[in-house]
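Residue numbers (my numbering): 214 to 510. Glycine is no exception: its CB is placed at the ideal position from the N, C-alpha and C atoms. Since the structure comes first, as structure tokens, the remarks are kept for the end.
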Amino acid sequence: MSSNNNITPGQRFRDAVASEQPLQVVGAINANHALLAKRAGFKAIYLSGGGVAAGSLGVPDLGITGLDDVLTDVRRITDVCDLPLLVDVDTGFGSSAFNVARTVKSMIKFGAAAIHIEDQVGAKRCGHRPNKEIVSQQEMVDRIKAAVDARTDDSFVIMARTDALAVEGLESALERAAACIEAGADMVFPEAITELEMYKLFASRVKAPILANITEFGATPLYTVDQLKSADVSIVLYPLSAFRAMNKAAENVYTAIRRDGTQQNVIDTMQTRMELYDRIDYHTFEQKLDALFAAKK
214 MSSNNNITPG QRFRDAVASE QPLQVVGAIN ANHALLAKRA GFKAIYLSGG
264 GVAAGSLGVP DLGITGLDDV LTDVRRITDV CDLPLLVDVD TGFGSSAFNV
314 ARTVKSMIKF GAAAIHIEDQ VGAKRCGHRP NKEIVSQQEM VDRIKAAVDA
364 RTDDSFVIMA RTDALAVEGL ESALERAAAC IEAGADMVFP EAITELEMYK
414 LFASRVKAPI LANITEFGAT PLYTVDQLKS ADVSIVLYPL SAFRAMNKAA
464 ENVYTAIRRD GTQQNVIDTM QTRMELYDRI DYHTFEQKLD ALFAAKK
């Protein structure tokens, strides 16, 4: 979707980070959820790699998805929603700098505003699962350099995610974050943080915006916006909150229909037809169709 006043998606993401302290970013599993997030007042949205895996492919977040899988969902979202979109690109979708470069160029072409790329090995895991393995600091720095060099738009945001805290400890994670910023990354995403004060350490060390991933049922406590602001966090991410709620609601409806032979007992939990039409601007499309048919008479 074309941006307002021809400002690039990347610049709109940077502006949002600068204007809302900290910036709340919510996961949008599909285009419909992107519109709902915009309606709720959010200034930026997120596409989770784990969400693409589970939501679009029905598989675990174990490095199974490919670039094209993610691009399909990116395009669908950016086609209808002009909120700047941060995209999870895992380890870059390939083992070489050429793969990382292709990923960055493709994300820009498909309308994303920002990406985060991580330092796990190719056979990656969810960031809040045990037994993660990470590449060397130099290999991660090379990933960042490849991403930065591949930018066809200087405003496009390259965010470095490090999973080192759970693998090598806090000092290693801090060193990696600083090295990534030195290599050209714009922002830092320290994954699976366990103590609030750790965010302050990252912000002090790297002198760049820090993202806090406040995902449910993980290693990080569900800190509030005010708590995270006090810890110098610039971006607060809720990657799969609506997706989890959507899945739970769907399970309840399926169970009720199968059990009761009717949906009458869960009808009050559903979005109404008119609410759906309102959220996707159905009537504007229909009016254009009516006008087209009227002109042919």
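Beta-bridge pairing of residue i - partner residues as DSSP gives them
i, result
"Val-238", "Leu-450"
"Arg-374", "Glu-331, Phe-402"
"Asn-426", "Leu-450"
"Val-300", "Leu-260, Ile-328"
"Ile-347", "Gln-333"
Proximal residues to residue i (C-beta, below 6 Å), its chain only, five neighbours per side dropped
i, result
"Asp-399", "Val-370, Ile-371"
"Thr-221", "Asp-366, Ser-368"
"Ala-247", "Ala-241, Ile-258, Ile-290, Cys-294"
"Arg-288", "Phe-323"
"Arg-472", "none"
"Lys-336", "For the record, residue 336 in the displayed sequence is Ala; it is not Lys. Counting only Cβ-Cβ distances below 6 Å, and skipping sequence neighbours, we find Gly-276."
"Ala-231", "none"
"Ala-325", "Val-287, Leu-298, Val-300"
Proximity test, Cβ basis, 9 Å: residue i and chain C
i, result
"Arg-225", "Of the protein chains in the structure, only one exists, and it is not chain C."
Exposure label - residue i; buried when at least 16 CB within 10 Å
i, result
"Gln-237", "buried"
"Pro-343", "exposed"
"Ser-215", "Note that Ser-215 scores 46 on pLDDT, short of 50, meaning its location in the model is unreliable and no value can be drawn from it."
"Tyr-412", "buried"
"Thr-278", "buried"
"Glu-384", "exposed"
"Asn-219", "exposed"
"Met-487", "exposed"
"Gly-382", "exposed"
"Gly-264", "buried"
"Tyr-495", "exposed"
"Thr-475", "exposed"
"Leu-414", "buried"
"Leu-505", "exposed"
Residue i and residue j closer than 9 Å at C-beta
i, j, result
"Val-446", "Leu-424", "yes"
"Arg-315", "Ala-363", "yes"
"Leu-298", "Thr-304", "no"
"Val-313", "Arg-356", "yes"
"Pro-403", "Ala-391", "no"
"Gly-262", "Asp-281", "no"
"Ala-421", "Ile-448", "no"
"Val-302", "His-329", "yes"
"Leu-284", "Ser-319", "yes"
"Pro-235", "Leu-378", "no"
"Glu-352", "Asp-332", "yes"
"Phe-311", "Ala-360", "no"
"Ala-327", "Val-354", "no"
"Val-348", "Val-334", "yes"
Sequence-distant residues of the same chain with beta carbon closer than 7 Å to residue i, five excluded per side
i, result
"Val-479", "Asn-465, Val-466, Ala-469"
"Leu-249", "Arg-492"
"Arg-457", "Glu-429"
"Val-272", "Ala-266"
"Lys-461", "none"
"Gln-224", "Ser-368"
"Thr-407", "Ala-432, Thr-433"
"Leu-409", "Tyr-436, Gln-440, Ala-444"
"Gln-484", "none"
Contacts around residue i, its chain only, beta-carbon distance under 8 Å, and the 5 residues preceding and following it disregarded
i, result
"Phe-255", "Gln-237, Val-238, Val-239, Leu-296"
"Arg-252", "Arg-492"
"Glu-233", "Lys-256"
"Ser-417", "Asp-445"
"Asp-228", "Ile-220"
Any alpha helix (DSSP H) of 4 or more consecutive residues that is wholly inside the stretch 457-495: 486-492
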